[in-house]
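Novice: Once you've had a glance at the structure underneath, I'll fire off some questions.
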Amino acid sequence: MSNSALTGPRRGLLAAGLMALGIGMLPRTAGAAAPLLPAGQKATPQTLPPLPFAPTALDPVISEKTFSFHHGKHHKAYFDNLAKLVAGTPEATQTLEEIILASATDPARKGVFNNAAQAWNHNFYWSSLSPEAQTPTGPLAAAIARDFGSFETLKTQLAAVCVAQFASGWGWLVHDNGKLKLVSTSNADIPFLHGQTPLLTIDVWEHAYYLDAQNRRADYVKGVVESHLNWRFAELNFAG
Ligand SMILES: [Fe+2]
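Spelled out as structure tokens, the structure:
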């Protein structure tokens, strides 16, 4: 996929948004820490970023109370736990991506992996959310039409994947060998560890929705899919 779809002011706007998250975009010439990491997600510091919107912005689908716990307690705890685990080691100054890639296949370092990956996943989740309803445009819209038939079909299938994920995990739209796919991962797992570039994610751990929807995961997922996905962010990752 060409990078040309996101140049000029549009790319600058997205970059500014990512910078607000503390994520930052690497120059195109910098080379990738890993080829399947999305654009702007290759050098993430071990620092809890602020939410990229007001905590009331997605109410009632996701309430301020949920964000206060999810971002302020759960997400913060992953960073705090990781800092304790890597204190005094070379990993203390590494990026989340470096730590994730180095620890993913080492069972002895499961704690480091889980906390680093969950810190990364939640960064990606906040960026995947939008206060306003959006629709895909440009090359991503064309790829959705090619691979799913329609945007409506994609939304229906994405919601189904999220609802079907057993226990804690994530629903994802990914780019895999030139094709868009919908996948789910368990616990802290991430598609880029399986050869897929993530474009968007929805957190389906119970802590993401239980305060607002209790056991009704499908209601939370439907609300996010219909009205609160950041398709500008997905386009950036698709172009990456
Ligand atoms: Fe979460």
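The numbering of the sequence shown is our numbering, which starts it at 43 and goes up by one.
The C-beta atom is built at its ideal place from N, Cα and C for all residues, glycine as well.
(1) So, is Gln256 buried or exposed, given that buried needs 16 or more other C-beta atoms within 10 angstroms?
(2) How should Gly220 be labelled, buried or exposed, when 16 other C-beta atoms within 10 angstroms of its C-beta is the threshold for buried?
(3) Could you say which of Asp218, Val246, Asn229 and Asp245 lies nearest to His236 if we only look at CA atoms?
(4) Less than 6 Å between the CB of Asp245 and some heavy atom of ligand 1, yes or no?
(5) For the beta strand (DSSP E) that Gly82 lies in, which residues bound it at each end?
(6) Comparing the CB of Ala230 with every heavy atom of ligand 1, is any distance shorter than 6 Å?
(7) Here's a check: name, in chain order, each residue in its chain whose Cβ is nearer than 6 Å to the Cβ of Lys197, leaving out the five neighbours to either side.
(8) Residues in the same chain with beta-carbon distance under 6 Å from Gly282, minus the five sequence neighbours each way, listed in chain order, please.
(9) Do Leu90 and Lys118 have their C-beta atoms closer together than 7 Å?
(10) Taking the continuous beta strand (DSSP E) assigned at Leu222, which residues delimit it?
(11) What is the C-beta distance between Gly265 and Val103, in whole angstroms, given that I count them as a contact (C-beta under 8 Å)?
(12) Look up Leu242 in the DSSP assignment and give the residues it is bridged to.
(13) Are the CB atoms of Thr243 and Ser170 within a distance shorter than 7 Å?
(14) Output needed for Phe20: all residues of its chain with C-beta closer than 7 Å, excluding positions within five of it in sequence on either side, in chain order.
(15) Quick one: what does DSSP say Leu100 is sitting in, helix, strand or coil?
(16) For ligand 1, is there any heavy atom lying closer than 6 Å to the beta carbon of Ala161?
(17) Just grab the DSSP bridge partners of Leu124 for me.
Specialist: The structure says:
(1) One-based indexing of the sequence shown puts residue 256 at position 214. The residue in question, Gln256, is exposed, as its Cβ has fewer than 16 Cβ neighbours within 10 Å.
(2) On the sequence shown, position 178 is the one that residue 220 refers to. Exposed, because fewer than 16 other Cβ atoms sit within 10 Å of the Cβ of Gly220.
(3) Taking the sequence shown and counting its residues from 1, one reaches residue 236 at position 194. Nearest C-alpha to His236: Asp218.
(4) The count along the sequence shown starts at 1 and reaches residue 245 at position 203. Because some heavy atom of ligand 1 lies under 6 Å away, the Cβ of Asp245 counts as near it: yes.
(5) What you label residue 82 is simply residue 40 of the sequence shown in a count that begins at 1. Counting along the chain, Gly82 falls outside any beta strand (DSSP E), and DSSP gives it neither H nor E.
(6) Here residue 230 refers to the residue found at position 188 of the sequence shown. Ala230 Cβ: outside cutoff for every heavy atom of ligand 1.
(7) For the purposes of this step, residue 197 is identified with residue 155 of the sequence shown, where counting begins at 1. Only Val267 meet the Cβ criterion.
(8) Position 240 of the sequence shown, counting from 1, holds the residue named residue 282. Contacts found: Pro80 and Ala81.
(9) Indexing the sequence shown from 1 puts residue 90 at position 48. Indexing the sequence shown from 1 puts residue 118 at position 76. Yes. Within cutoff.
(10) Here residue 222 corresponds to residue number 180 of the sequence shown, with the count starting at 1. First-last of the beta strand (DSSP E) with Leu222: Lys221 to Ser228.
(11) In the sequence shown, the residue the question calls residue 265 occupies position 223. In the sequence shown, the residue the question calls residue 103 occupies position 61. Gly265 to Val103, Cβ: 3 Å. Contact.
(12) Stepping through the sequence shown from its first residue, residue 242 is reached at position 200. Beta-bridge pairing links Leu242 to Leu215.
(13) As a working note, residue 170 is residue 128 in the sequence shown. As a working note, residue 243 is residue 201 in the sequence shown. In this structure, Thr243 lies closer than 7 Å to Ser170 by Cβ.
(14) The chain is shown from 43 up to 282; residue 20 falls before or after that span and cannot be answered.
(15) In the sequence shown, residue 100 corresponds to position 58, counting from 1. Looking at Leu100 - three-state DSSP - the assignment turns out to be coil, as it is neither helix nor strand.
(16) Residue numbering aside, residue 161 sits at position 119 when the sequence shown is read from its first letter. Because no heavy atom of ligand 1 lies under 6 Å away, the Cβ of Ala161 does not count as near it: no.
(17) The residue given as residue 124 occupies position 82 in the sequence shown. In DSSP, Leu124 forms no bridge with anything.
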